[in-house]
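Student:
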Amino acid sequence: MQPCHSCQTVIDEYLLNKRLEPLRELTADDFNVCADCATIVADACVKCGGAVYVPRSGSVTPDYCPACRSDVIDRTGHDPGWTRGHESA
Ligand SMILES: [Zn+2]
Ligand SMILES: [Zn+2]
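Going by this note's numbering, the residue at position 70 of the sequence shown is 102; the numbering climbs one at a time, nothing skipped.
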């Protein structure tokens, strides 16, 4: 068991996996935060229409789910970031 990086609570992987269920390919092992600190927004991915994961520190809802983001990286070798429509600053 490891503590949540955000609130230091010990992570309950069962609860976290339940919360992560709408996400493709991700499990509690991929996260260092507890279920309370993981925000999932359903139907928000612009590519697959699936759920996205919102980092606690972030105030924006990502346009890509983690699976689609890694798809883009695999295909193009370029990381699009979490949101579309932003030219590189
Ligand atoms: Zn937490
Ligand atoms: Zn997606």
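In this text, a Cβ means the ideal position worked out from N, Cα and C, and glycines have one as well. Bear in mind that the values here come from a model prediction, so they are computed numbers and not experimental data.
Rounded to a whole number of angstroms, what is the C-alpha to C-alpha distance between Ser102 and Leu47?
Tutor: Counting from one through the sequence shown, the residue named residue 102 turns up at place 70. Counting from one through the sequence shown, the residue named residue 47 turns up at place 15. The straight-line gap from Cα to Cα measures roughly 25 Å.
Student: So the candidates are Gln40, Thr41, Cys66, Ile72; which of them puts its Cα closest to the Cα of Pro54?
Tutor: Along the sequence shown, one-based indexing puts residue 54 at 22. Per the Cα distances, Ile72.
Student: Which residues in the same chain as Ala135 place their Cβ atom closer than 6 Å to its Cβ, once the five residues preceding and following it in sequence are excluded?
Tutor: The shown model of the chain, from 33 to 121, leaves out residue 135, and the question about it has no answer.
Student: For Asn104, which of helix, strand or coil comes out of DSSP?
Tutor: The residue you call residue 104 lines up with position 72 of the sequence shown. Inspection of the sequence shows that residue 104 is occupied by Val rather than by Asn. Of the three classes helix, strand and coil, the one that applies to Val104 here is helix, per DSSP.
Student: Please determine whether the Cβ atom of Gly82 lies at a distance below 6 Å from any heavy atom of ligand 2.
Tutor: Here residue 82 refers to the residue found at position 50 of the sequence shown. The answer is yes for Gly82.
Student: Would you identify the three-state DSSP class for Pro94, choosing helix, strand or coil?
Tutor: Looking up residue 94 in the sequence shown gives position 62. Three-state result, Pro94: coil.
Student: Is it right to say Arg107 is buried, meaning 16 or more other beta carbons lie within 10 angstroms of its own, or is it exposed?
Tutor: One-based indexing of the sequence shown puts residue 107 at position 75. Exposed is the call here.
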